[in-house]
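Student: So the protein lines, in turn, are chains A and B. Take 1 as the starting number for the first sequence in our numbering and just add one per residue. Take 1 as the starting number for the second sequence in our numbering and just add one per residue. C-beta atoms are modelled at their ideal positions from N, C-alpha and C, and glycine is treated no differently. Below you'll find the structure I mean.
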Amino acid sequence: MAIQTPITDNEVISLIPRCQRGDRAAVEELYTLYADRIYRYLLARVGDGDLAADLTTEVFVRMIGKLAGFRLNSSRPAASFSAWLYRIAANLAADHHRGRGRFEQVSLDPESPFPARGPGPDAIAERHETAAALAKALQVLSEDQRLVILGKFVEEMSNTEIASWLGKTEGAVKSLQHRALHALGRLLGAGERPA
Amino acid sequence: MNIATILDDCLARLTMGESVADCLARYPSQADELAPMLGAANQLRGLTVYQLSGAQRLRGKMALRQALAAQARPRPWFAWLGGLEWKLKSPAMAAAAALILFVALSVGAVAASQPGDLAYGARVVMERVPALVLFDPSDRAATELSIADRRLADLQNTLQRTGQANSTALQALVRGDEAAAAAAGNLSEDQRSLLAARVETHAAVLTRLAVAAQAETATHSLARAAAQARDIADRLRRPPPPANRPKNGGPAEGTPTLSPTSGATDRPEPTPTLAPAATATSEATVAPPTATPDAGRLTPSPISTPSRRPAEDATPRLPTPAAMRRERATEVAGTAQVWPTRTPLPPPATPRRAAQTPEPSRQPTAEPRHPTPEPRQTPAPPPAVETRRAETTAEPPPTAHPGPTSNPGGGPPATSGPPGPQPTRGGRP
Numbered sequence: 001m002a003i004q005t006p007i008t009d010n011e012v013i014s015l016i017p018r019c020q021r022g023d024r025a026a027v028e029e030l031y032t033l034y035a036d037r038i039y040r041y042l043l044a045r046v047g048d049g050d051l052a053a054d055l056t057t058e059v060f061v062r063m064i065g066k067l068a069g070f071r072l073n074s075s076r077p078a079a080s081f082s083a084w085l086y087r088i089a090a091n092l093a094a095d096h097h098r099g100r101g102r103f104e105q106v107s108l109d110p111e112s113p114f115p116a117r118g119p120g121p122d123a124i125a126e127r128h129e130t131a132a133a134l135a136k137a138l139q140v141l142s143e144d145q146r147l148v149i150l151g152k153f154v155e156e157m158s159n160t161e162i163a164s165w166l167g168k169t170e171g172a173v174k175s176l177q178h179r180a181l182h183a184l185g186r187l188l189g190a191g192e193r194p195a
Numbered sequence: 001m002n003i004a005t006i007l008d009d010c011l012a013r014l015t016m017g018e019s020v021a022d023c024l025a026r027y028p029s030q031a032d033e034l035a036p037m038l039g040a041a042n043q044l045r046g047l048t049v050y051q052l053s054g055a056q057r058l059r060g061k062m063a064l065r066q067a068l069a070a071q072a073r074p075r076p077w078f079a080w081l082g083g084l085e086w087k088l089k090s091p092a093m094a095a096a097a098a099l100i101l102f103v104a105l106s107v108g109a110v111a112a113s114q115p116g117d118l119a120y121g122a123r124v125v126m127e128r129v130p131a132l133v134l135f136d137p138s139d140r141a142a143t144e145l146s147i148a149d150r151r152l153a154d155l156q157n158t159l160q161r162t163g164q165a166n167s168t169a170l171q172a173l174v175r176g177d178e179a180a181a182a183a184a185g186n187l188s189e190d191q192r193s194l195l196a197a198r199v200e201t202h203a204a205v206l207t208r209l210a211v212a213a214q215a216e217t218a219t220h221s222l223a224r225a226a227a228q229a230r231d232i233a234d235r236l237r238r239p240p241p242p243a244n245r246p247k248n249g250g251p252a253e254g255t256p257t258l259s260p261t262s263g264a265t266d267r268p269e270p271t272p273t274l275a276p277a278a279t280a281t282s283e284a285t286v287a288p289p290t291a292t293p294d295a296g297r298l299t300p301s302p303i304s305t306p307s308r309r310p311a312e313d314a315t316p317r318l319p320t321p322a323a324m325r326r327e328r329a330t331e332v333a334g335t336a337q338v339w340p341t342r343t344p345l346p347p348p349a350t351p352r353r354a355a356q357t358p359e360p361s362r363q364p365t366a367e368p369r370h371p372t373p374e375p376r377q378t379p380a381p382p383p384a385v386e387t388r389r390a391e392t393t394a395e396p397p398p399t400a401h402p403g404p405t406s407n408p409g410g411g412p413p414a415t416s417g418p419p420g421p422q423p424t425r426g427g428r429p
């Protein structure tokens with residue numbers, strides 16, 4: 001399980017104004033910080049690694065177009081930018097689902113997506129199936145539930161961080177987390193109580 | 001402890017390395033409910049291993065550079081049309097845009113219209129709206145006259161351009177003067193005099209334009225309008241009868257001359273004020289509107305009075321109306337195109353006196369309570385009118401005075417009777 005370094009407010013505060021001025025280095029730095037996070041979110045939404053990678057690129061292209069109108073929330077800069085970026089990703093995923101009209105099965109291309117560590121082909125295929133199943137199950141959740149789950153299990157954020165990110169209370173985050181996991185447990189058929 | 005809190009505690013323990021079984025053992029009564037949720041959480045944690053490949057990352061950065069380069073290029077001026085096209089895809093937006101465009105174009109066309117244009121009638125109506133919403137009689141009268149000034153300017157421009165008098169502008173001008181007079185019903189004498197001066201200015205300019213006009217029809221209509229304006233000015237100078245003064249400041253009841261619809265354009269005014277003007281300009285053609293039988297009966301017009309203008313004098317000197325117009329136009333050409341000043345054109349002294357003479361002649365039409373067929377015997381106020389009447393009634397010859405036989409009832413024929421033959425036409429050489 002990859003341990004991600006949290007993105008600090010200072011990083012966001014220094015990068016965003018430079019990006020808004022069209023600084024290419026700053027844009028690429030921002031991409032490096034957020035690309036994998038957005039990719040995992042989109043992979044969980046669409047279940048296809050290549051498609052998720054393309055959509056990730058599209059998210060950042062859209063970000064460049066809209067960044068001039070973005071205003072950082074000075075009280076929680078990193079959380080506000082992250083929420084804004086995820087909203088772009090969520091809209092793209094929704095557009096994709098509307099365009100396709102149905103859920104696409106995950107690609108079995110062995111080279112994509114690349115896991116962080118180098119597993120064998122069987123493990124890759126198993127992960128593809130897992131990603132596809134998870135993506136399918138995540139479609140039934142509300143956007144808030146989905147973001148709480150992804151923040152908790154993909155971004156490894158604490159309840160406090162998720163609450164700040166989504167602008168909700170910790171109690172609300174716990175409640176959303178419970179309802180989301182309840183639905184996912186039912187859909188995935190996982191967690192048969194060990195004998 | 002509720003299930004959400006228990007679940008959150010279990011997730012924290014799983015993160016710290018505790019197994020699902022251990023967690024379930026801690027909460028045996030909720031184990032059945034917790035088991036599927038913790039299983040799903042374990043599957044979700046598997047997502048953290050996924051990340052972009054090097055090639056995907058490189059492709060992503062290339063796309064970003066292209067996007068940055070495209071953004072740095074200046075957008076073409078017509079780029080906003082793309083957004084507009086997208087917005088207009090919605091039928092409601094397209095309909096709203098079309099409506100706004102139509103209204104804007106219509107208002108622009110109306111505002112820029114000139115006499116003779118299709119939209120000019122709408123412009124006349126629109127420009128009068130401010131006067132209609134004023135309730136103060138003084139303000140309303142002043143506004144009506146200001147609007148009438150604009151119509152006069154339109155009239156002058158049209159006359160310069162085409163040589164024709166635009167009937168819409170002319171009617172609107174007279175209507176504006178009438179409306180001002182109607183609104184001035186309860187104003188003080190000073191205020192009424194000021195308004196009368198402005199209306200007389202209109203009359204003076206109209207007279208000049210009538211003389212300067214090339215077309216015969218324009219001359220006729222302008223002269224008629226000038227006569228109507230003078231009549232309105234005279235009415236404004238006369239104090240309204242106290243009995244007829246309304247309490248609410250509106251126009252006096254029973255005073256048809258103050259009604260804005262009293263026929264400024266429908267009814268040829270049998271006022272002799274035009275006749276003096278015609279006399280003053282040596283232009284017999286200016287008088288046609290006055291030449292109804294009633295007017296002849298009620299008013300000894302100088303035109304038909306040999307003593308005022310002997311035929312043998314006028315005819316040889318002015319062989320054709322065109323020649324008369326040319327002669328007169330030479331005199332007034334410089335002033336005819338000028339915007340009317342506040343100074344009214346003073347008519348000659350003699351015609352002015354004659355202008356006052358129709359007082360008794362209008363009495364039968366304005367006040368049917370005195371159906372005296374012979375105006376000379378009507379004891380109508382004011383006394384000054386009596387005096388003037390005495391001056392003029394001795395002059396008209398019997399031929400110019402149809403007398404009671406042409407109007408046996410002595411009613412108000414001037415307003416109800418059809419216009420009779422116009423002696424001035426016959427009088428044209």
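Please report the distance separating the alpha-carbon of residue 213(B) from that of residue 104(B).
Tutor: 37 angstroms
Student: Cα-Cα, which of 143(B), 216(B), 144(B) is closest to residue 159(B)?
Tutor: Taking only the C-alpha atoms, the option nearest residue 159(B) is 216(B).
Student: Where residue 15(A) and residue 29(A) are concerned, what is the direct C-alpha to C-alpha distance, given to the nearest angstrom?
Tutor: 8 angstroms
Student: Output yes or no for whether 8 angstroms exceeds the beta carbon distance between residue 39(A) and residue 60(A).
Tutor: Going by C-beta atoms, residue 39(A) is not nearer than 8 angstroms to residue 60(A).
Student: Within the continuous alpha helix (DSSP H) that includes residue 159(A), where are the two ends?
Tutor: 159-166
Student: Whose C-beta lies closer than 6 angstroms to the C-beta of residue 183(B) among residues of the same chain, with five residues either side of it excluded?
Tutor: 137, 140, 141
Student: Determine the direct distance from the alpha carbon of residue 228(B) to that of residue 446(B), and round the result to whole angstroms.
Tutor: A question about residue 446(B) goes unanswered here, because the residues of chain B that appear run from 1 up to 429.
Student: Looking at chain B, is there any beta carbon in it that lies within less than 8 angstroms of the beta carbon of residue 140(A)?
Tutor: No, its Cβ sits nowhere closer than 8 angstroms to a Cβ of chain B.
Student: Checking contacts by CB at 8 angstroms: is residue 148(A) closer than that to chain B?
Tutor: Contact with chain B is absent for residue 148(A), since none of that chain's Cβ atoms lies less than 8 angstroms from the residue's Cβ.
Student: I'd like to know whether the C-beta of residue 43(A) is nearer than 8 angstroms to at least one C-beta of chain B.
Tutor: yes
Student: With 8 angstroms set as the bound, which would you pick, yes or no: does the beta-carbon of residue 48(A) sit closer than that to a beta-carbon of chain B?
Tutor: no
Student: With respect to the alpha helix (DSSP H) encompassing residue 36(B), which residues constitute its N-terminal and C-terminal limits?
Tutor: 31-45
Student: Can you tell me whether residue 54(B) is buried or exposed? The criterion is at least 16 other CB atoms within 10 Å of its CB, across all chains shown.
Tutor: exposed
Student: List the residues of chain E whose Cβ lies closer than 9 angstroms to the Cβ of residue 114(B), in chain order.
Tutor: No chain E appears in this structure, whose protein chains are A and B.
Student: Exposed or buried, residue 190(B), counting other C-beta atoms within 10 Å across all chains shown (16 or more means buried)?
Tutor: exposed
Student: So is residue 36(B) in contact with chain A if we call contact Cβ pairs under 8 angstroms?
Tutor: yes
Student: Is there a Cβ from chain B that is less than 8 angstroms from the Cβ of residue 22(A)?
Tutor: True, the Cβ-Cβ gap to chain B drops below 8 angstroms.
Student: Within a Cβ cutoff of 8 angstroms, which residues of the same chain sit near residue 148(A), ignoring the five residues on either side of it in sequence?
Tutor: 162, 166, 173, 176, 177, 180
Student: Do we get a CB-CB distance below 8 angstroms when we pair residue 4(B) with the residues of chain A?
Tutor: yes
Student: Residue 61(A) versus chain B: which residues are under 7 angstroms apart at the beta carbon?
Tutor: 63, 64, 67
Student: Shorter than 8 angstroms from the beta carbon of residue 15(A) to some beta carbon of chain B?
Tutor: no
Student: Does the beta carbon of residue 110(A) sit closer than 8 angstroms to a beta carbon anywhere in chain B?
Tutor: Caution is warranted here: a pLDDT of 42 is assigned to residue 110(A), below 50, making its placement in the model unreliable, and the coordinate value is therefore given only provisionally. Cβ-Cβ to chain B under 8 angstroms: no for residue 110(A).
Student: Any C-beta of chain A sitting closer than 8 angstroms to the C-beta of residue 17(B)?
Tutor: no
Student: Is the distance from the Cβ of residue 166(B) to the Cβ of residue 239(B) below 8 angstroms?
Tutor: no
Student: Consult DSSP for residue 34(A) and reduce its assignment to one of helix, strand or coil.
Tutor: helix
Student: Roughly how many whole angstroms lie between the Cα atoms of residue 137(A) and residue 145(A)?
Tutor: 12 angstroms
Student: Tell me whether residue 39(A) sits in a helix, a strand or coil according to DSSP, three-state version.
Tutor: helix
Student: Which residue from 218(B), 172(B), 161(B), 234(B) puts its Cα closest to that of residue 194(B)?
Tutor: 234(B)
Student: So is residue 77(A) buried or exposed if we call it buried at 16+ other beta carbons inside 10 Å?
Tutor: buried
Student: Would residue 60(B) and residue 35(A) qualify as a contact pair, given that the criterion is a beta-carbon distance under 8 angstroms?
Tutor: yes
Student: Can you pull out the residues from the stretch 179-191 of chain A whose beta carbon lies closer than 9 angstroms to at least one beta carbon of chain B?
Tutor: 179, 180, 181, 182, 183, 184, 185, 186, 187, 188, 189, 190, 191
Student: Closer than 9 angstroms, Cβ to Cβ, to anything on chain A: give me those residues from the stretch 38-61 of chain B, in chain order.
Tutor: 38, 39, 40, 41, 42, 43, 44, 45, 46, 47, 48, 49, 50, 51, 52, 53, 54, 55, 56, 57, 59, 60, 61
Student: Using three-state DSSP, classify residue 7(A) as helix, strand or coil.
Tutor: coil
Student: Taking a Cβ distance cut-off of 9 angstroms, strictly less, list which residues of the stretch 69-91 of chain A are near chain B, in chain order.
Tutor: none
Student: For residue 81(A), which of helix, strand or coil comes out of DSSP?
Tutor: Of the three classes helix, strand and coil, the one that applies to residue 81(A) here is helix, per DSSP.
Student: Give me the Cβ distance between residue 92(A) and residue 141(A), rounded to the nearest whole Å; I'm assuming they're in contact under 8 angstroms.
Tutor: Actually they do not touch by this definition, with Cβ atoms about 17 angstroms apart.
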